[in-house]
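Undergrad:
There are 2 protein chains.
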Amino acid sequence: MNTLAEENYLKAIFALMDENGEVMVNELSQRLAIKMPTVSSMMKKLANKNLVTYESYKPIRLTEKGRVEAALIIRKHRLTEMYLVEKMGFGWEEVHHIAEQIEHIQSPELFAKMDELLGFPALDPHGSPIPDSSGKMIPREYQKLSHCKTGEKVKITAVVNTSHEFLTFLNGKQIHLGLEMIIHSLEPFDGSMTISYKENKETISSVVTDRILVEQL
Amino acid sequence: MNTLAEENYLKAIFALMDENGEVMVNELSQRLAIKMPTVSSMMKKLANKNLVTYESYKPIRLTEKGRVEAALIIRKHRLTEMYLVEKMGFGWEEVHHIAEQIEHIQSPELFAKMDELLGFPALDPHGSPIPDSSGKMIPREYQKLSHCKTGEKVKITAVVNTSHEFLTFLNGKQIHLGLEMIIHSLEPFDGSMTISYKENKETISSVVTDRILVEQL
DNA sequence: TAAATTTGTTAGACACAACTAACAATTTTA
DNA sequence: TAAAATTGTTAGTTGTGTCTAACAAATTTA
Ligand SMILES: [Mn+2]
Ligand SMILES: [Mn+2]
Ligand SMILES: [Mn+2]
Ligand SMILES: [Mn+2]
Numbered sequence: 001m002n003t004l005a006e007e008n009y010l011k012a013i014f015a016l017m018d019e020n021g022e023v024m025v026n027e028l029s030q031r032l033a034i035k036m037p038t039v040s041s042m043m044k045k046l047a048n049k050n051l052v053t054y055e056s057y058k059p060i061r062l063t064e065k066g067r068v069e070a071a072l073i074i075r076k077h078r079l080t081e082m083y084l085v086e087k088m089g090f091g092w093e094e095v096h097h098i099a100e101q102i103e104h105i106q107s108p109e110l111f112a113k114m115d116e117l118l119g120f121p122a123l124d125p126h127g128s129p130i131p132d133s134s135g136k137m138i139p140r141e142y143q144k145l146s147h148c149k150t151g152e153k154v155k156i157t158a159v160v161n162t163s164h165e166f167l168t169f170l171n172g173k174q175i176h177l178g179l180e181m182i183i184h185s186l187e188p189f190d191g192s193m194t195i196s197y198k199e200n201k202e203t204i205s206s207v208v209t210d211r212i213l214v215e216q217l
Numbered sequence: 001m002n003t004l005a006e007e008n009y010l011k012a013i014f015a016l017m018d019e020n021g022e023v024m025v026n027e028l029s030q031r032l033a034i035k036m037p038t039v040s041s042m043m044k045k046l047a048n049k050n051l052v053t054y055e056s057y058k059p060i061r062l063t064e065k066g067r068v069e070a071a072l073i074i075r076k077h078r079l080t081e082m083y084l085v086e087k088m089g090f091g092w093e094e095v096h097h098i099a100e101q102i103e104h105i106q107s108p109e110l111f112a113k114m115d116e117l118l119g120f121p122a123l124d125p126h127g128s129p130i131p132d133s134s135g136k137m138i139p140r141e142y143q144k145l146s147h148c149k150t151g152e153k154v155k156i157t158a159v160v161n162t163s164h165e166f167l168t169f170l171n172g173k174q175i176h177l178g179l180e181m182i183i184h185s186l187e188p189f190d191g192s193m194t195i196s197y198k199e200n201k202e203t204i205s206s207v208v209t210d211r212i213l214v215e216q217l
């Protein structure tokens, strides 16, 4: 069994591999807010447990075993978030920090029950896919809203960042998953975008459009 | 904030004070399956944090602060057990080891929500009182079934031991909270008791009758 | 290519929470 | 009350996961 610290490293490596392909000690250090020497020595430990491949000064990669263990923690995280929103009435902005703790609970029964009560959901409340119980995850190939062009009609399928502040900002603008919108204009100078949806017309910065994933309608 | 280890010590001291009044290093050591020198040094740490009173070779007691912190962990434990049984469909024999982990989750919102969804329950699935959010717990002074006499009619109000094995044993005999029974006979030699309830007539040992709490009807 | 910057490792320290071995105090029993 | 048993402490060790200081390698910039 892996420790709490090990589990958090695995999850972070998984996310960084997803974003950038390979992972440097430096990146992992910043992501986890843990100093490089600590990360470096943890990588030796994880390599020893055959969860990552790692040689000094070379990039880090999850092994297949490591990838599956990371995916199963992410599964617990996302099932929990979905359960908290759908069955307990929490807002999508409230659940991440609770799931960050519950993802480490050791109880296959608990997560199997959540899964069952939720009807075996494919996505979490932020639109991210929930890995199956063997660790398989269907990758989402949606595009960033920031990459869309004027005149396009799109539907929000996921958000990239799940911080309380970002999601509360979206709540304030009544922006949520499934929302359909038209791109009115795109400011070339700073990438800010004017969109319309329902009765709203809003201008949002590229900081926001970079964190929203959409599908073309 | 207290560590996981500290929280488990506080809970154990609380339970032992409840059972025996005062707590010896030895008892705590056995209860937690942690060697005495470790317990001894932890007591210094907890005394330093003003959670217990402790002097070498003297019995351990929780301070008022320690008592409240212990009660709040027990509150989280029992709310969780109740939630798992009432809202998720677990059996009363399945929930203790899950609650043992979830009791350490730091999220007032999560437990407030459980409490609300459950309608602010006073008792957990094993009949134990749930402390309120200020750490107050109404003690319930039921008597052990083993102390009852032949001919008495009683109702089961709580079970003392919440191990999977004990509760599964009770399930097998269709014994549950709220069950009313008549004491047919009591064997003086070994304390075994013959009881009848519904269509059942069973003889149960004193190991069992010691762990069942009842009220007189 | 040489210097500067960034990235990473090694070495040594520390806090926490566990352990064993040895010894000391307290309580029970003879 | 003396011996034995039980209970508890002290001292020193271990493993985990963090840190800082110092140094080394790799990459970027001049
Ligand atoms: Mn999340
Ligand atoms: Mn986590
Ligand atoms: Mn319990
Ligand atoms: Mn616990």
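As given, the protein sequences belong to chains A and B, one line each in that order. The first sequence runs contiguously to residue 217 in my numbering. The second sequence runs contiguously to residue 217 in my numbering. Glycine is no exception: its CB is placed at the ideal position from the N, C-alpha and C atoms. Nothing here was measured: the structure is a model prediction, and the numbers come from that model.
Which runs of the alpha helix (DSSP H) at least 4 residues long sit entirely within the stretch 52-125 of chain A? Give them in chain order.
TA: The qualifying runs are 64-86, 96-102, 108-117.
Undergrad: With a floor of 3 residues, list each beta strand (DSSP E) that falls wholly inside the stretch 120-171 of chain B, ordered by position along the chain.
TA: 153-159
Undergrad: Run through chain A and tell me which residues come within less than 7 Å of B/Lys76, C-beta to C-beta.
TA: Against the second sequence, residue 76 of chain B aligns to sequence position 76. Going along chain A, no residue has its Cβ under 7 Å from B/Lys76, so there is no contact; the nearest lies around 12 Å.
Undergrad: Can you have a look at B/Met43 and say buried or exposed, based on whether 16 or more other CB atoms are within 10 angstroms of its CB?
TA: Your numbering for residue 43 of chain B matches position 43 in the second sequence. Its Cβ being crowded by 16 or more others within 10 Å, B/Met43 is buried.
Undergrad: Looking at the secondary structure, which residues open and close the alpha helix (DSSP H) in which B/Thr219 lies?
TA: Absent from the model: residue 219 of chain B. The displayed extent of chain B is 1 to 217, so no value can be given.
Undergrad: Once DSSP output is grouped into helix, strand and coil, what is the label at A/Ile212?
TA: Here residue 212 of chain A is taken as the residue at index 212 of the first sequence, counted from 1. Of the three classes helix, strand and coil, the one that applies to A/Ile212 here is strand, per DSSP.
Undergrad: Using a Cβ cut-off of 7 Å, pull out every chain B residue sitting near A/Leu117, in sequence order please.
TA: Working through the first sequence from its first residue, we reach residue 117 of chain A at position 117. Within 7 Å Cβ-Cβ: Met88.
Undergrad: Count the other CB atoms, across all protein chains shown, that sit within 10 Å of the CB of A/Ser146; report buried if there are 16 or more and exposed otherwise.
TA: Walking along the first sequence from the start, residue 146 of chain A turns up at place 146. The residue is buried, with at least 16 neighbouring Cβ atoms inside 10 Å.
Undergrad: Is the closest heavy atom of ligand 2 to the C-beta of B/Asn171 under 6 Å?
TA: For this step, residue 171 of chain B is matched to residue 171 along the second sequence. Because no heavy atom of ligand 2 lies under 6 Å away, the Cβ of B/Asn171 does not count as near it: no.
Undergrad: Below 8 Å on C-beta distance, what does B/Lys44 contact in chain A?
TA: Along the second sequence, one-based indexing puts residue 44 of chain B at 44. Under the 8 Å cutoff, chain A gives no residues; its nearest Cβ is about 26 Å from B/Lys44.
Undergrad: Beta strand (DSSP E) containing A/Lys201: first to last residue?
TA: What you label residue 201 of chain A is simply residue 201 of the first sequence in a count that begins at 1. It spans 200-204 - the beta strand (DSSP E) in which A/Lys201 sits, taken as one unbroken run.
Undergrad: Spatial neighbours of A/Met137 within its chain, please: CB distance less than 6 Å, with the 5 preceding and 5 following residues excluded, ordered by chain position.
TA: Mapped onto the first sequence, residue 137 of chain A falls at position 137. Answer for A/Met137: Ala71, Pro129, Pro131, listed in chain order.
Undergrad: So with Cβ pairs under 7 Å, would you call A/Lys11 a contact of chain B?
TA: Reading the first sequence from its first residue, position 11 is the one you call residue 11 of chain A. Not one chain B Cβ lies under 7 Å of A/Lys11.
Undergrad: I'd like the list of long-range same chain contacts for B/Arg78, defined as Cβ closer than 7 Å, with 5 residues on each side in sequence excluded.
TA: Here residue 78 of chain B refers to the residue found at position 78 when the second sequence is read from its first residue. Answer for B/Arg78: Asp124, Ser128, Ile130, listed in chain order.
Undergrad: Output, in sequence order along the chain, the residues in the stretch 89-113 of chain B whose CB is closer than 9 Å to any CB in chain A.
TA: Residues Gly89, Phe90, Glu94, His97, Ile98, Gln101, Ile102, His104, Ile105, Gln106, Ser107, Glu109, Leu110, Lys113.
Undergrad: Examine ligand 3 and report whether any of its heavy atoms sits within less than 6 Å of the Cβ of A/His104.
TA: Within the first sequence, residue 104 of chain A is the residue found at index 104, counting from 1. A/His104: no, Cβ never under 6 Å from ligand 3.
Undergrad: Does at least one heavy atom of ligand 4 sit under 6 Å from the Cβ of B/Asn8?
TA: Residue numbering aside, residue 8 of chain B sits at position 8 when the second sequence is read from its first letter. Yes, since a heavy atom of ligand 4 falls inside the 6 Å radius drawn around the Cβ of B/Asn8.
Undergrad: Which residue's Cα is closest to the Cα of B/Pro139: B/Phe111, B/Gln30, B/Glu19?
TA: As a first step, residue 139 of chain B must be located in the second sequence, where it is residue number 139. Selected option, being the one with the closest Cα: B/Glu19.
Undergrad: Give a single yes or no on whether A/Glu81 has its beta carbon closer than 6 Å to a heavy atom of ligand 2.
TA: Reading the first sequence from its first residue, position 81 is the one you call residue 81 of chain A. Checking the Cβ of A/Glu81 against ligand 2 gives no.
Undergrad: Ligand 2 and A/Glu100: does the residue's C-beta get closer than 6 Å to at least one heavy atom of that ligand?
TA: The residue you call residue 100 of chain A lines up with position 100 of the first sequence. Answer for A/Glu100: yes, Cβ within range of ligand 2.
Undergrad: When you compare each of B/Phe166, B/Thr38, B/Tyr142 to B/Ser94 by their alpha carbons, which one comes out closest?
TA: Mapped onto the second sequence, residue 94 of chain B falls at position 94. Correcting the residue type first, residue 94 of chain B is Glu in the shown sequence and not Ser. Cα-wise, what sits closest to B/Glu94 is B/Phe166.
Undergrad: In the DSSP output, what is A/Val23 paired with across the bridge?
TA: One-based indexing of the first sequence puts residue 23 of chain A at position 23. Answer is A/Ile60, bridged to A/Val23.
Undergrad: Helix, strand or coil: which one does DSSP assign to B/Ile195?
TA: For the purposes of this step, residue 195 of chain B is identified with residue 195 of the second sequence, where counting begins at 1. DSSP places B/Ile195 in strand when its eight states are reduced to three.
Undergrad: Ligand 3: which residues have Cβ under 5 Å from any of its heavy atoms, chain order?
TA: So the residues near ligand 3 by this Cβ test are B/His96, B/Thr162.
Undergrad: Can you pull the DSSP bridge partners for A/Met42?
TA: One-based indexing of the first sequence puts residue 42 of chain A at position 42. Answer is none; A/Met42 lacks a bridge partner.
Undergrad: DSSP three-state call for B/Leu186: helix, strand or coil?
TA: Here residue 186 of chain B refers to the residue found at position 186 when the second sequence is read from its first residue. If DSSP states are grouped into helix, strand and coil, B/Leu186 belongs with the strands.
Undergrad: Nearest by alpha-carbon distance to B/Leu10: which of B/Ile195, B/Val85, B/Gln106, B/Gly66 is it?
TA: Position 10 of the second sequence, counted from the start, is the residue given in the question as residue 10 of chain B. Ranking B/Ile195, B/Val85, B/Gln106, B/Gly66 by Cα distance to B/Leu10 puts B/Gly66 first.
Undergrad: Measuring straight from C-alpha to C-alpha, what distance separates A/Ala47 and A/Arg61?
TA: Locating residue 47 of chain A in the first sequence gives position 47, where the first residue counts as 1. Locating residue 61 of chain A in the first sequence gives position 61, where the first residue counts as 1. Distance between the alpha carbons of A/Ala47 and A/Arg61: 10 Å.
Undergrad: Does the distance from the CB of B/Ser107 to the CB of A/Ile74 come in under 7 Å?
TA: On the second sequence, residue 107 of chain B is found 107 positions in, with the first residue counted as 1. On the first sequence, residue 74 of chain A is found 74 positions in, with the first residue counted as 1. No. Outside cutoff.
Undergrad: Here's a check: name, in chain order, each residue in its chain whose Cβ is nearer than 6 Å to the Cβ of B/Thr209, leaving out the five neighbours to either side.
TA: Here residue 209 of chain B refers to the residue found at position 209 of the second sequence. Closer than 6 Å at Cβ, skipping near neighbours: Leu145, Ser146, Met193.
Undergrad: Buried or exposed for A/Glu180, please, with buried defined as at least 16 other CB atoms from any protein chain shown within 10 angstroms of its CB.
TA: The residue given as residue 180 of chain A occupies position 180 in the first sequence. So A/Glu180 counts as exposed.
Undergrad: Taking all protein chains shown into account, do 16 or more other C-beta atoms lie within 10 angstroms of the C-beta of B/Tyr83, making it buried, or fewer, making it exposed?
TA: Translated into the one-based positions of the second sequence, residue 83 of chain B becomes position 83. Buried, since its Cβ has 16 or more Cβ neighbours within 10 Å.
Undergrad: Compare the C-alpha of B/Arg31 against each of B/Met114, B/Leu51, B/Gly21, B/Asn8 and name the closest.
TA: The residue labelled residue 31 of chain B in the question sits at position 31 within the second sequence. Cα-wise, what sits closest to B/Arg31 is B/Asn8.
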